[in-house]
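Numbering (our numbering), first residue to last: 4 to 740.
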C-alpha cells in the first residue's frame, strides 16, 4: 500500500493479519518532516493498493488537507484546474495560467518573483520548472504561463506549485527568501510516451529484408537513467503481411546488473520475420516496466520492402550556434551522380529559392529543403534538420555540449547548472553563449539553463521566437513579427537601451559580439547596444543600406546593398577598415570573422582581410580563386575552386592546414577547423586534432571542445578533449528529416 501526501509516497506492506481483517483500519504514519516540508492549502492525499502476486491495483479517491505555516504567502491559483485537478488533454495545447495574488504582500512595483512548478513524472527523474517574473503595479496580481509540455510531463502524477521572493516583513525587496504555501494539483491526461526504438539499417521509413546483415535484425532501445535492477523491457514486433496475416514476436530484457543501467539495450529478431512481411507494414515499439507499472514507447512505423535509394547527397553542417564563431555562415554542398542534375534550396515556409550546387546557410534554425532534378525529369528531395549540435569551450568551468535528438529531446553534458534540465522536449535547436544555453522550441517558446545572470533564465512568457542570437553572457530573441527580446547580463547586451528600443521593429537579423548585439532592420538600418562602446545604444548611420551583418569580439561589419563593406567598433578587432582597402572592397558577396579580424570574399574569388594580424587580419600571400571562407576564434580557412584548402592566422590554432587537403565543407571550432573531404572522410587540425576515416560523413559540428560527425548510416562519432562516448545516440541524431 502506498499513501501519497502532497505527492510524496509513503509505502507500507500489508500483513497477512491486516489483510484477513478488512474491518480493521490500517494506520499509516506520515513523518513530521514530510508535513513540515509540504505546507499549503488543499494538499492532495490519496492511496493505492497493489497486489504483487495477482498483478492488480486499486486507487482511492483523493481528499484535501491544509497545512498552515506562519509568515509565508498564500498559494498561487490555477483557474484551469477545477477542484485541484488539471486535465492536460482538456487544455488542448494551451499553456497553464499560474496566478500570484500579490495583495497585500507586495506593495512595490517590479518586485522580482519566481514561480515554481515541480513534481515527479510517472516515469523519469523529478522535474522543477522556475518561471521568473515581477510585479507590475503595486498590489496587482501577476500571471505567468507554464508551457503546456511542462504540464503534460506530469500527467498521471501530482504537481506542486509555489512562488518565492526576496522581501522583508513589509513586502519591500529585501535579503530574506520567502516562499508561498504549496498549491497541489492532481494532473491527469495522456502521459508522454517514451522515445521510439531505433531499427538498425532502416532507410527513411523502409526496412529492406535484403539489407539485413546475417540472420537477425537488430533493434536498439534508448538509454534511460531512471531504470534500476529488477526492471524489464519488452520489445514488440508486430506487422501485417500483404494477405492480412498478423506477424508478432517479442523480446525481453531484464535489468540484473548495475552496468546495464543508463545504457542503450539491443535485441535481435529473426530475419525471417521481416521476410514474411515483405510488401506489408511493421510496427516496432517497446514497453518498460518500473515498480510494477508499464510505460509504452512511441512506435517506429515502417514499410517492409525494397528501399528506394536516393542518389542525392548533401555534405556540410548547418551554420553553428556556438559562441564566438556563430556569426559565420556554413557552406553546404549538394551532389548527384548525374552530372547534368540541377539543384534547388529553400527554407521551409520561405519563398526565396537558390539554384546553385552549394548553399550558404543563413537560417540554421529552419528545416532546409533540397531538391535535385535529373536528366529526364526525375526529382529527388531531402529535408535537412535544423542545426542539432552546439557547445561551449571557452571557459573550462562551463565547457559543455548539447545535442538535439530527432525527437526534440536533449542529450547534453557539462558541470552543474550548465547541464540541460530533465524532461526538456519539443526543441527545434539550441543556442549557446559562454555560460548558458537557450533552447528554441518548435512552438516558438524558449527554455534556458546555465548561469542565470548571464542568460540562463529566460523572461517569463517568451513566445513566437523565430531565432535566438548570443553574446558571451546574454541572448537576444528575434520574434516572428520582427520585434526583439533580450535577457542576461544587462551590461553585455541583455537590456536594450531606451534610446533605440522603439527602433527595433521589422528586424531581420541579429548577431552577437563578445558583449554587444547588432540588429539589422528590413529597411537596411542597423542598431547596436551593449558593452562599453554601445552601452547607451547606437543607430549606426554609416551602415545604412546593409544586407548582412558579421561580428568579431568587439566590432561589427556589414555588406551593403552596393556590395561594399562598412565596419565599426574596436579598431584592433576589425572595427576600422584600413584606408587602402576601402576602394578594393567592391563586389563583396560574404563576410567571415574571427575573434579580432574580418575577411571579405568578392565575386571574383578574392579575399581581403583586416583586423588583428595574429587572428587572421593579415594574409601571408594573396588569396584568390576562393569559393568559401570561414573563421574560427583565431584563424581563417577557405576552399578554392579546385577544392583545396588554404588557411592563415594563429599557426597552431587552425592557421596551418594539413598539406594537400581538399574539402567540400569546413567547420570552425575553438582554435580548430574540420574539413569534410570529397570522399566523405573528415580531418581536423589546430587545438582539436583527429579524423574520421570512413567515407560516409554527412555533417560535422564543433561541440564544446570536440568535433562531432553525423554519418549516412545514422551513427554519431566524436573526438576531442571531452572523450565522449556517443554510441547510444545511433539512429537518434540524423542529418535529414
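Don't be surprised by glycine CBs; every beta carbon is placed ideally from N, CA and C.
(request) Pick helix, strand or coil for residue 241, following the three-state DSSP scheme. (result) strand
(message) Looking at residue 385: is its Cβ nearer than 8 Å to the Cβ of residue 739?
(response) The Cβ atoms of residue 385 and residue 739 sit closer than 8 Å to each other.
(request) With DSSP as the reference, please indicate the residues paired to residue 594 in a beta bridge. (result) By DSSP's assignment, residue 594 forms a beta bridge with 603.
(message) So, for residue 370: in the same chain, excluding its five sequence neighbours on each side, which residues have a beta-carbon less than 8 Å away from its beta-carbon?
(response) Same-chain partners within the cutoff: 350, 351, 386, 387, 388, 389 and 740.
(message) I'd like the ranges of any beta strand (DSSP E) spanning at least 3 consecutive residues and lying wholly in the stretch 631–685.
(response) Listed in chain order, they are 638–643, 648–652, 668–672 and 675–679.
(message) I believe residue 477 touches residue 465 by the beta-carbon criterion, under 8 Å. Please report the beta-carbon distance rounded to the nearest angstrom.
(response) Not quite, the Cβ-Cβ distance comes to about 14 Å (not below 8 Å), so this is no contact.
(request) Using alpha carbons as the reference points, say which of 508, 70, 428 and 210 lies closest to residue 277. (result) 210
(request) Decide if residue 299 is buried, meaning its Cβ has at least 16 other Cβ atoms within 10 Å, or exposed. (result) It is exposed - the Cβ of residue 299 has fewer than 16 other Cβ atoms within 10 Å.
(message) Is it buried or exposed, residue 440, if we count other Cβ atoms within 10 angstroms and call 16 or more buried?
(response) buried
(message) Measuring only the C-alpha atoms, how far is residue 196 from residue 303?
(response) The straight-line gap separating the alpha-carbon atoms of residue 196 and residue 303 is approximately 13 Å.
(request) Would you check if the distance between the CB atom of residue 39 and the CB atom of residue 187 is smaller than 8 Å? (result) no
(request) Reducing DSSP to helix, strand and coil, say where residue 621 ends up. (result) coil
(request) Starting from the Cα of residue 80, find the closest Cα among 165, 31 and 133 and give me that residue. (result) Checked all of 165, 31 and 133; the closest Cα to residue 80 is 165.
(request) Would you please state the rounded distance, in angstroms, between the beta carbons of residue 610 and residue 621? I believe it to be under 8 Å. (result) Incorrect: roughly 12 Å between the Cβ atoms, too far for contact.
(message) I'd like the ranges of any beta strand (DSSP E) spanning at least 3 consecutive residues and lying wholly in the stretch 417–485.
(response) 430–435, 439–444, 449–453, 468–473 and 477–482
(message) Considering Cα atoms alone, identify which of 274, 235 and 250 is closest to residue 267.
(response) Ranking 274, 235 and 250 by Cα distance to residue 267 puts 235 first.
(request) Can you tell me which of 619, 288, 671 and 171 puts its alpha carbon nearest to the alpha carbon of residue 252? (result) 288
(request) Assuming residue 283 and residue 244 form a contact by the criterion Cβ under 8 Å, report the distance between their Cβ atoms to the nearest whole angstrom. (result) 5 Å
(request) For the stretch 500–511 and the stretch 446–456, state whether three or more C-beta atom pairs, one from each stretch, are separated by less than 8 Å. (result) With a cut-off of 8 Å, the stretch 446–456 and the stretch 500–511 do not count as touching, because too few Cβ pairs lie within range.
(message) Looking at the secondary structure, which residues open and close the beta strand (DSSP E) in which residue 40 lies?
(response) That residue, residue 40, is in no beta strand (DSSP E); its alpha helix (DSSP H) goes 35–40.
(message) Helix, strand or coil, according to DSSP, for residue 341 in the structure here?
(response) coil
(request) State the CB to CB distance for the pair residue 215 and residue 201, rounded to an integer number of angstroms; the pair is presumed to be in contact (CB under 8 Å). (result) About 15 Å; that fails the 8 Å criterion.
(message) Going by DSSP in three states, residue 227 sits in which element: helix, strand or coil?
(response) In the three-state reduction of the DSSP assignment, residue 227 falls in the coil class, being assigned neither a helical nor a strand state.
(message) Considering just the uninterrupted stretch of the alpha helix (DSSP H) at residue 153, what are its terminal residues?
(response) 151–155 is the extent of the alpha helix (DSSP H) around residue 153.
(request) Please list, in chain order, all residues of the same chain as residue 314 whose beta carbon is under 7 Å from its beta carbon, the five residues on each side excluded. (result) Exclusion of the five residues before and after residue 314 leaves 339, 340 and 383 as the residues of its chain whose Cβ lies within less than 7 Å of its Cβ.
(message) For the beta strand (DSSP E) containing residue 729, name the first residue and the last one.
(response) Under the DSSP assignment, residue 729 falls outside any beta strand (DSSP E); it carries neither an H nor an E label.
(request) Thinking residue 570 and residue 530 are a contact (beta carbons under 8 Å), I'd like their distance in whole angstroms, please. (result) In fact, because the Cβ distance is near 16 Å, the residues do not count as touching under 8 Å.
(request) Would you kindly report the start and end of the unbroken alpha helix (DSSP H) that includes residue 12? (result) Run containing residue 12: none in the alpha helix (DSSP H); it sits in the beta strand (DSSP E), 11–14.
(request) Measure from the alpha carbon of residue 336 to the alpha carbon of each residue in 709, 355, 323 and 359, then state which is nearest. (result) Among 709, 355, 323 and 359, the Cα nearest to that of residue 336 is on 359.
(message) Out of 537, 585 and 550, which one is the CA nearest neighbour of residue 572?
(response) 537
(request) Starting from residue 292, follow its DSSP beta bridges and name the residues at the other end. (result) 235 and 297
(request) Express the C-alpha separation of residue 596 and residue 438 in angstroms, rounding to a whole number. (result) 21 Å
(request) Output the distance between the C-alpha atoms of residue 623 and residue 217, rounded to the nearest integer angstrom. (result) 55 Å
(message) If you reduce the DSSP assignment to three classes, tell me which class residue 135 lands in.
(response) Residue 135: strand per DSSP, three-state reduction.
(message) For a test of the three-state rule: what should DSSP assign to residue 284, helix, strand or coil?
(response) Three-state DSSP puts residue 284 in a strand.
(request) Using the Cα positions of residue 599 and residue 511, report the straight-line distance between them to the nearest angstrom. (result) 25 Å
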